[in-house]
Each structure stands twice: as C-alpha cells, then as structure tokens.
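Notes follow once the structure below has been shown.
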Amino acid sequence: MEVKETYNGKIREATIGLGDTAVTVGGETSLPLYMFEGAAPNKPVIALEVYDTKPEDWPEAAIAPYADVLDDPVKWALKCQDEYKADMICLNLASTNPSTGDRNGADIAPIVKAVADAIKIPLIVYGTANADKDAEVMPKAAEACQGKRALIGPVEEENYKTVAAAALGFDHLAAPHSPIDVNIAKQLNILITQLGLAPERVIIDPTTGALGYGLEYCYSVMERLRLAAMTQNDSMTQMPMINQIGREVWKAKEVKTSEADEPAWGDAETRGVLWEALTATALIMAGSNILVMRHPKAVELTRQFVAALTGATN
Amino acid sequence: MKTHKVTFYPDNRVAEVADGESVLTAAIAAEVHITATCGGDGDCGKCRVIVDDGAIVTKQTPKVSDEDAAKGYVLACLTSVTSDLKVLVPPETRLGIVPEETEEAVTYGKMMTAAEEAESLDAITLDPPVAQFFLTMTPPTLDDNASDTVRLTRALRQAGVDEPVIFKPAALKEAAVACRQEEWQVTATVRRDPEQALVTMLQPGDQTGRAVALAIDVGTTTVVGKLIDLDTKEAVAETSAYNRQISCGEDVISRIVYSQRPGGQARLRELVVDTINEALRRLLTAADMTQDNVVAVYAAGNTIMQHLLLGLNPKYLREEPYIPTATTFPWVRARELGLKLGPRTNLYPLPCVASYLGADIVAGIVAAGIPTSEKLSLYIDVGTNGEMVLGNNEYLVSCSCSAGPAFEGGGVKYGMRATFGAIEEVLVDPTTYEPTIKTVGGKRPIGICGSGLIDALAEMFEAGVIDAKGKINVDLPTDRTRIGPSGPEYALAAAGDNGADRDIVITEADIDNLLRAKAAVFAAVMVLLDSVSVSLQDVDRFYIAGSFGRHLDAARAITIGLLPDLPTDKFYYIGNGSLWGAHNSAISREKRAEIAATAARMTYLDLSTNNKFMDGYVAALFLPHTDATLFPSVKTGARA
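Residue numbers (the working numbering), protein chains in the order written: chain A, 1 to 314; chain B, 315 to 954.
Take a look at the structure:
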C-alpha cells in the first residue's frame with residue numbers, strides 16, 4: 001500500500017540576481033526531499049564565502065584553496081566563480097566588526113561594488129550580526145550593489161527597520177536572522193513584510209550550528225518551520241532558507257586542530273572537508289535552500305549528494 | 315545601641331530605629347506605608363522619599379535621576395538612618411486608599427450584577443457551618459435524671475443536628491449555669507463539621523439573631539472583608555484595605571523571599587493580621603456590633619497568603635518541586651492568629667490546590683458555578699500571577715503562571731496601583747500621535763496603572779507608535795516619542811499636562827515587561843486548552859475574576875493578545891470570586907463541602923518545565939500574537 005501525504009502549503013520561489021545567471025530557490029510542494037509526495041523544482045544551491053579582509057584565524061586546510069587570492073576580495077570571488085563553480089558568492093563584511101576592524105559603511109562600499117561588478121553569478125552580502133553596526137554598514141553595502149538584486153543579511157530584530165528597509169529601497173532580497181526559534185523567525189518575517197518587502201524577497205536565516213555544535217537544534221527548528229509551512233499553510237514560514245555553514249564548521253575544535261597536535265584524528269583537511277560536507281548534507285535534509293560554504297572539496301561532496309538524491313528520483 | 319527618631323510627613327508618624335537601619339525599615343516600624351515593589355532590594359525604584367532634615371547615608375542608584383537627587387529624592391530602602399530625620403513621603407510613593415468599587419457598566423461582556431448576586435444567595439439554603447441554636451429543654455427530675463449535656467444533645471437533635479455532638483471543655487464549664495439561668499433555655503454555638511458537631515459556647519436565654527461571620531479575601535494586594543448576617547445570609551458591612559505586607563514586596567515571590575529574612579515570616583503574619591484587624595474594626599463600627607457577635611471567620615486567599623496567615627513557612631513553595639505544607643487546613647483559633655476576636659471564635663482557611671493555585675481560585679470557580687455546569691468554562695484571574703481553570707461538571711484542569719507585577723503597575727517606570735491620579739484610560743490619535751488620558755478620580759496624573767498600561771499598549775499599537783514587537787518608533791513626527799534616559803519612550807503626559815508635575819512616560823522596557831506578562835497569561839491559556847484537546851471556540855463561557863479583571867477593558871486586552879479573541883457574549887465578570895466563595899462557605903455547609911470537593915478534584919498542571927508553555931510564550935511575545943489567526947478580530951498590518 002502506498003501512503004502519500006498531500007500538503008496545503010508551498011515554499012515561495014525567490015530569485016537572487018538578474019538575467020541569465022539569476023538563481024531561483026524554493027518552490028517545494030512537500031517536506032524536504034519527499035519527492036514522492038511533491039515537487040522540488042529548484043535544487044539547493046551553494047554559495048562560496050569571500051571575505052572583505054584577509055582572514056586571520058582560518059586553519060591551514062581552509063586557507064590552501066584560496067592562498068593566492070585572500071588579499072583581494074575581487075580575485076577571490078572570481079576564483080570561486082570560475083574555478084570552483086560556485087552558484088553564488090557570499091561576501092562577508094568581517095572587517096566592520098567593531099571588536100576587530102571596525103571599518104564603517106563608507107570604507108567597505110567600494111569593495112562591495114567591485115565584487116558585485118566583477119562577478120556574473122548572484123551576490124549575497126552579510127554583515128557581522130552586530131545589530132547596531134550592521135544598521136550603519138548594511139545600507140551602504142546595499143547601495144553599493146544596487147541593481148544586482150543581491151541578498152542582504154543578516155536582518156536582526158533590533159535593526160530590521162534599517163537593514164530590511166535598505167534591501168527594500170535598493171531592490172534586493174533580505175535574510176532575516178532568528179536565534180533558533182520558530183516563533184521569532186516568523187515574527188521577524190511579519191515585521192519585515194509589514195515594512196513593505198514582498199515575502200518573495202525574504203530568505204530565512206534560522207541560525208546554523210555545525211556538526212557537534214548545535215546542528216540538531218538547528219535541524220529541529222528548520223524541520224518545524226517546514227512543517228508549519230507545509231501542513232499548516234503558515235504563510236510567514238513559507239520562505240526558502242539560508243545556512244551559514246563554512247564559518248561555523250571551520251571554527252570547530254575538531255576541524256581546527258592539526259594532525260600534529262592530534263595524530264589519532266587523522267588528516268586535518270579530510271576531517272574539515274567531511275565535517276563541512278556532513279553539516280551541509282544534514283541541513284539539506286532539513287530543507288536548506290542556500291548553503292554558504294568554504295572548502296571546494298566539501299562543496300564537491302555536497303554536490304554529489306544533491307545529484308544522487310535528485311538523480312535517483314528523476 | 316544608638317537609636318534615632320525618624321518622623322514621616324505628611325502622616326506625622328514617628329519611629330525610633332537603630333543607627334544604620336534603612337528608612338524603609340523605619341517606615342514599616344512607623345506604620346507608614348511606602349510602596350516597595352521589590353521588597354527593599356533597590357530594584358524597583360518605587361520607594362522614593364525626600365529627606366528634609368537630618369543625616370543619612372544613601373547609595374547612588376540609576377533609579378533616581380540626577381535632577382531628582384538634587385531635589386533630595388532618595389530610595390528609602392537604600393538609605394541608612396544616621397541621625398534624627400524628617401522624611402517626606404511624596405504622593406506617588408504613598409499607598410493611597412482603595413478606591414470604592416463603582417457599578418460602572420463593562421463595555422465588553424456581562425457583569426454579574428448585585429441583583430444576580432442576591433438571586434444566587436436566595437438559591438442557597440441557610441445552613442451555616444458555625445451556627446447558633448436556641449434550645450428549650452425539659453428540666454430534669456429524679457425520674458428524668460439525664461445529664462445537662464445529654465439534654466442539650468437531645469435538643470440539638472430536635473433542631474436537626476444529626477452528627478455526633480461533642481462539647482468543648484469551655485462550653486462544658488458554663489453548661490450548668492447557662493442551662494439553669496433562663497429556665498432551661500439556652501443558645502448553643504455549634505461548629506458543624508462533616509464528622510461531628512462541636513458545641514463551643516453555651517449562653518443563657520435566646521441570644522440568636524445577632525450572630526455574624528467574617529468572610530475575608532486575603533489578597534496579595536488588597537484584603538476585602540464582609541460581615542455576614544447568619545440569619546439573612548446577607549452582608550451587613552463590607553470594607554477593603556491594602557494588605558500591609560505590600561511594604562515587604564508587591565508579589566507573592568518577594569513575600570516568600572522576605573519571609574526568609576530573620577523575623578520576616580513573623581513580621582508578614584503580623585502585617586496581614588493588622589490589616590484584617592483594621593478591616594474588622596471598621597466593619598464592626600459600620601454594623602454597630604462588637605467582636606462577640608462574630609462567631610466564625612472564613613478566609614480565602616492564595617496558597618502563599620494562607621500559609622503566611624497561618625504561620626506556615628512558605629519557603630518550599632518557591633523551590634522546585636514547589637510543595638506547600640498543606641492545601642487543606644484545620645480550623646484555627648482566630649485569637650491565636652492575633653485577630654481581635656473572642657477566644658471561642660475559629661477561623662476556617664478555605665482549601666487550596668497547589669502552591670500557585672489557591673483558595674481564592676477554588677472559591678471563585680464555585681461561585682461562578684463552573685463545577686456543576688455542563689457548559690465548558692474558562693476562568694481566569696490575572697494579577698501578579700495569572701491563574702486559570704478550564705472545565706465543567708466532568709473535569710477541571712488548572713494552571714498558573716507568573717505574570718510579573720506589570721498589571722498592578724509594578725516593574726514599570728511610572729507604574730502604580732489604581733489609586734487616585736493613576737492614568738487608567740488612554741487614547742492615542744493615529745494621525746497626531748497625541749494621547750488623551752483619564753485618571754482615577756479625575757485627579758492630576760501621577761502614574762499609570764495596569765488597565766491604563768493595557769489601554770496605552772493597544773492604542774500605541776493601533777496608532778503605529780509601536781510595532782508588533784513593542785518597539786517604539788522614535789522617527790514619528792511628534793515630540794511624544796523620543797529617546798529618554800533609559801531608551802526609547804512615549805510621553806503619556808508631559809509636565810504641565812492635566813497638572814502633572816513630571817513627565818509620565820512609557821518606556822520600551824515597560825512595554826517589554828507588559829508583553830512578557832501578557833504572553834505568559836495567553837500561553838498558559840493555550841497550554842490548558844491543549845491539555846484537554848479543546849480549542850478556544852469550544853469554550854462556552856469565559857469568566858474574568860479579580861479586581862484587575864473588573865477594570866480591564868476586555869476589547870483592548872484582546873487587541874494586545876492578553877485575553878483570547880472570543881465574542882462579547884461569552885465574557886462574564888464575576889468580580890471578587892474569592893470573597894464570594896468565603897461568603898458562601900459562611901452560610902452553607904453544602905457550599906463549604908462543595909468548595910472542598912472541588913479543590914480535591916482539580917488537576918493542576920505545572921508549567922515550569924512545560925515545553926509547550928515556553929514555545930507558546932515566545933509565540934505570544936508579539937502583538938497580538940505570532941499566529942494572527944488566533945486573533946481574527948484584531949486588525950494587523952503595516953501603517954504608513
């Protein structure tokens with residue numbers, strides 16, 4: 001006997017970027033990967049991380065693939081696009097963090113513009129999740145990539161009026177970020193859409209935990225968001241989701257520790273790549289639509305996983 | 315030990331306290347009641363006083379602005395007495411008097427009227443647990459040589475007392491004379507418990523017709539008392555007063571904390587007994603009676619109040635797993651508790667259910683008729699705690715949640731109780747953002763009370779002054795919204811408006827406290843419904859109890875998502891259900907038994923570790939709620 005569930009809800013489709021290289025995510029009509037019960041017209045996509053300043057605390061394995069471009073965000077972005085075949089670029093404005101670089105919006109605007117102009121694939125621009133600082137920086141960043149229909153994040157409860165308004169004003173999408181809480185995710189979506197941003201221009205950032213660092217909490221919340229979207233037809237949860245995987249995975253102790261320090265743990269690169277790929281694949285099963293990742297080999301493994309899943313059911 | 319005299323104005327009362335004691339302690343000693351929501355920890359900033367003359371040591375606190383500090387304002391709890399002092403207690407710090415209840419019509423739902431109360435009294439057969447019987451006996455002879463007590467027992471049997479009759483020693487001692495003085499006509503005072511009838515007093519002749527019982531609702535904030543005529547069933551006098559324990563903290567938790575200080579528990583008992591004695595004095599004066607007329611006392615209160623009144627240590631009520639000493643209590647001698655009543659008068663504490671579900675609620679639901687009705691009712695009493703009961707004649711489930719003091723004006727910068735000068739109604743113009751306010755008694759505004767806060771929140775939300783998260787929009791084209799010393803704020807009254815002598819503002823922190831309070835209450839309601847798998851629509855009757863409920867504008871409370879969005883014809887207000895239950899107990903053994911049976915059959919859900927409650931709480935931290943479908947009548951959406 002075949003038992004199939006029918007769902008009332010549907011995830012909205014959201015398109016990032018313009019023209020031929022625009023990427024559309026979402027559109028699912030079933031729970032994640034339940035392709036026997038509904039359609040998933042758009043595959044999960046992978047964005048590679050680019051930083052506006054040279055990272056200081058990355059383990060060797062993460063540095064190696066980008067060693068020649070870490071000083072130059074434009075070259076870095078192009079390498080991700082051309083060599084590692086990223087679907088999107090996620091530009092992290094780490095240098096605006098008040099406790100490290102504390103650069104302001106005017107300082108980083110030219111970098112955002114240069115990267116946006118250089119790449120063909122869609123752009124995601126992320127601040128440092130410091131609500132006050134992002135409120136100053138993100139409107140400048142949004143302005144600098146005006147006309148690219150980028151994804152601007154994170155939008156926090158404390159700064160949604162400024163950051164989401166900037167996304168609205170400069171014709172981008174917004175990524176509201178909530179602290180692993182279904183209700184707060186929903187509340188932020190209500191507030192942002194009440195501001196005038198169409199729900200089709202909202203991508204939920206539910207907070208990402210790496211494997212061993214809260215992945216299961218993150219998974220549960222995403223699962224609950226999808227259940228609400230599908231079974232309760234809850235409009236304010238029917239948006240695609242984005243997960244910041246790279247930055248979470250590559251700060252884990254199990255990933256950062258070198259083989260010399262822990263010989264029993266084996267090769268550090270393999271360990272990091274697997275850690276990232278495992279986190280990513282778990283989150284795909286939870287319903288993630290945009291995976292922001294770091295290591296090209298982890299990206300490759302994740303792509304194989306996506307192909308296997310979608311190929312097998314085609 | 316060095317002591318100093320502290321004189322409080324305008325009351326002109328004096329206390330002598332040891333060097334280094336706090337001004338608040340001195341005020342309590344002088345019986346000057348100072349508002350101290352937090353119980354004297356320096357947290358609430360409510361015990362503002364002005365030291366006029368004398369030397370003090372005071373701690374700096376952000377609760378007193380520099381401007382006020384320059385005028386001499388200090389917090390009484392943070393100020394030590396180091397010389398003789400003159401202290402002025404300003405109006406906002408005084409306890410005030412309980413404004414008289416008005417028969418003002420409610421705008422949403424149905425109020426239980428005086429006529430209906432009288433009608434429900436008519437339906438009760440007079441059969442008091444403590445009653446006086448006028449007995450006529452045949453005198454003994456050599457042939458009929460039964461003892462006095464056998465004769466008395468026979469006469470009581472004829473009067474309908476069928477329980478085994480026991481004589482208290484004091485009654486025995488007076489039997490011989492009492493029987494013979496008026497030729498075998500005596501008045502017996504009998505306490506009728508289910509298992510026995512205790513004769514507590516014997517008086518010669520017919521003394522009936524003057525017996526009254528004292529019914530009291532021992533509230534955390536207010537104590538209300540009634541003298542009940544045990545022949546007519548009706549109240550002959552009623553009065554209310556603030557519970558003097560308020561000086562030791564506004565809510566039950568701070569009272570429990572206070573009780574753990576050296577001498578704290580005894581002090582709290584003394585204060586509530588003083589309050590009851592004062593109420594009793596006023597009642598007896600009003601009814602032109604003496605303490606001898608009072609044959610019994612029936613006290614309903616929450617479990618903490620019952621513990622404190624009876625001298626039981628409440629410590630474990632606030633420690634997991636939250637276990638009270640008892641939920642049913644024996645009769646106790648009123649005089650032993652310190653009540654100014656005759657030595658034979660006993661007090662019956664009405665039964666409770668759990669640490670945070672007390673006799674006040676049990677009494678209230680019986681008064682509302684819920685345990686005997688087929689209709690599904692939801693009963694809610696909101697104060698510093700929200701207590702609620704769902705059920706009918708088949709089942710009763712209950713729970714409670716901490717709402718915090720916001721609804722009673724605590725934890726809010728300019729919050730106050732609903733006494734004269736409290737802003738109780740607010741309108742906000744959606745185009746100019748200008749407020750219109752109404753105060754209790756029409757006096758100049760000195761603060762804002764719970765119902766005013768709810769009004770303000772609903773109006774600010776509807777006018778677009780705050781968003782659904784309660785954040786104030788400081789970019790509006792008005793001076794009313796602004797960044798104040800403690801963040802964004804909205805000015806309900808500027809100094810000068812309606813005679814206000816200071817700006818009265820609502821801050822974002824105040825709004826957060828209110829949101830948390832309303833979210834806890836609503837989440838608890840949803841957990842209760844969910845526990846028996848019924849939806850809001852299945853509820854036939856929605857009862858709102860308590861004085862806060864009485865003054866609440868239900869339509870506004872629905873707008874902010876405090877009360878469920880039910881049609882007006884399902885709303886019923888029953889006023890002081892607790893007092894009503896004590897009144898019923900005083901006149902009817904059957905009602906008293908029904909209250910006891912109800913307490914015994916109520917199921918209590920503890921929410922402290924309930925995941926659904928936590929989830930529902932976060933969902934309710936939004937205006938009106940994250941799930942807008944629960945509030946179809948509330949208009950939401952962006953405003954330009």
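Every residue gets a Cβ at the ideal spot worked out from N, C-alpha and C, and that includes glycine.
Short CB-CB distance (under 9 Å) between L935 of chain B and chain A: Answer yes: the Cβ-Cβ gap between L935 of chain B and chain A drops below 9 Å somewhere.
Output yes or no for whether 9 Å exceeds the beta carbon distance between G761 of chain B and I825 of chain B. no
Contact residues within the segment 152-163 of chain A, judged by C-beta distance below 7 Å to chain B: E157
Beta-carbon spacing of E240 of chain A, I63 of chain A below 9 Å: Inspection of the sequence shows that residue 240 of chain A is occupied by Pro rather than by Glu. Contact: no.
Complete runs of the alpha helix (DSSP H) confined to the segment 158-235 of chain A [at least 4 residues]: Counting only runs of 4+ residues, the alpha helix (DSSP H) found wholly inside the segment 158-235 of chain A occupies 160-169, 182-194, 215-231, in chain order.
Within 8 Å, do at least three Cβ pairs link the segment 527-535 of chain B to the segment 896-911 of chain B? yes
Does the beta carbon of L191 of chain A sit closer than 9 Å to a beta carbon anywhere in chain B? yes
If distances are taken between C-alpha atoms only, which option among B:L544, B:T467, B:V711 comes closest to V608 of chain B? Among B:L544, B:T467, B:V711, the Cα nearest to that of V608 of chain B is on B:L544.
For a test of the three-state rule: what should DSSP assign to L877 of chain B, helix, strand or coil? coil
For P73 of chain A, name the three-state secondary structure that DSSP assigns. helix
What residues in its chain sit with their C-beta under 6 Å from that of A469 of chain B, if we drop five residues either side in the sequence? L449, M451
Rounded C-alpha distance that separates T321 of chain B from L399 of chain B: A straight-line Cα-Cα distance of about 6 Å links T321 of chain B and L399 of chain B.
Where C763 of chain B falls: helix, strand or coil (DSSP): coil
Let me know the secondary structure DSSP gives C361 of chain B once reduced to three states. coil
7 Å CB neighbourhood of G266 of chain A in its chain, flanking five on each side removed: E259
Between the alpha carbons of A954 of chain B and V74 of chain A, how many angstroms are there, rounded? Unreliable placement is indicated for A954 of chain B, whose pLDDT of 32 sits below 50; no coordinate value is reported for it.
Three-state secondary structure (DSSP) of C90 of chain A: strand
Would you check if the distance between the CB atom of L486 of chain B and the CB atom of T463 of chain B is smaller than 9 Å? yes
Can you find a CB in chain A that lies within less than 9 Å of the CB of T321 of chain B? no
Can you tell me whether S379 of chain B is buried or exposed? The criterion is at least 16 other CB atoms within 10 Å of its CB, across all chains shown. exposed
Is any beta-carbon of chain B found at less than 9 Å from that of V221 of chain A? no
Please report how far the alpha carbon of L598 of chain B lies from the alpha carbon of Y931 of chain B, in whole angstroms. 47 Å
If you draw a straight line from the alpha carbon of N159 of chain A to that of T745 of chain B, how long is it in whole angstroms? 25 Å
Answer yes or no: does any C-beta atom of chain B fall closer than 9 Å to that of N97 of chain A? Chain B contact via Cβ: absent.
Residue range of the beta strand (DSSP E) that R796 of chain B falls in? 795-798
Which residues in chain B sit within 8 Å of N183 of chain A, going by Cβ to Cβ distance? Ordered by position in chain B, the residues that pass the 8 Å Cβ test against N183 of chain A are D929, V932, A933, L935, F936, T940.
Chain-order list of residues whose beta-carbon lies under 6 Å from that of Q424 of chain B (same chain, five-residue window excluded): Reading the sequence as shown, one finds Lys at residue 424 of chain B and not Gln. The answer, listed in chain order, is Y886.
Using a Cβ-Cβ cut-off of less than 7 Å, list which residues of the segment 775-804 of chain B approach chain A; keep chain order. If the cut-off is 7 Å between Cβ atoms, the segment 775-804 of chain B has D781, A782, K783 near chain A.
Comparing the C-beta of K186 of chain A with each C-beta of chain B, is any distance below 9 Å? yes
A555 of chain B versus A229 of chain A - alpha carbon distance: 53 Å
H295 of chain A (DSSP reduced to helix, strand or coil): coil
State the CB to CB distance for the pair T698 of chain B and G729 of chain B, rounded to an integer number of angstroms; the pair is presumed to be in contact (CB under 8 Å). Contact annotation, T698 of chain B with G729 of chain B: C-beta distance approximately 12 Å; criterion of less than 8 Å not satisfied.
Give a yes or no on whether 9 Å exceeds the smallest Cβ distance from D234 of chain A to chain B. yes
Residue range of the beta strand (DSSP E) that A960 of chain B falls in? Here chain B covers residues 315 to 954 and nothing more, so residue 960 of chain B does not appear.
Per DSSP, what kind of secondary structure is Y84 of chain A in: helix, strand or coil? The three-state reading of DSSP puts Y84 of chain A in coil, since its state is none of H, G, I, E or B.
Alpha carbon to alpha carbon, what distance is there between G214 of chain A and P318 of chain A? For residue 318 of chain A there is no data in the structure shown, the boundaries of chain A being 1 and 314.
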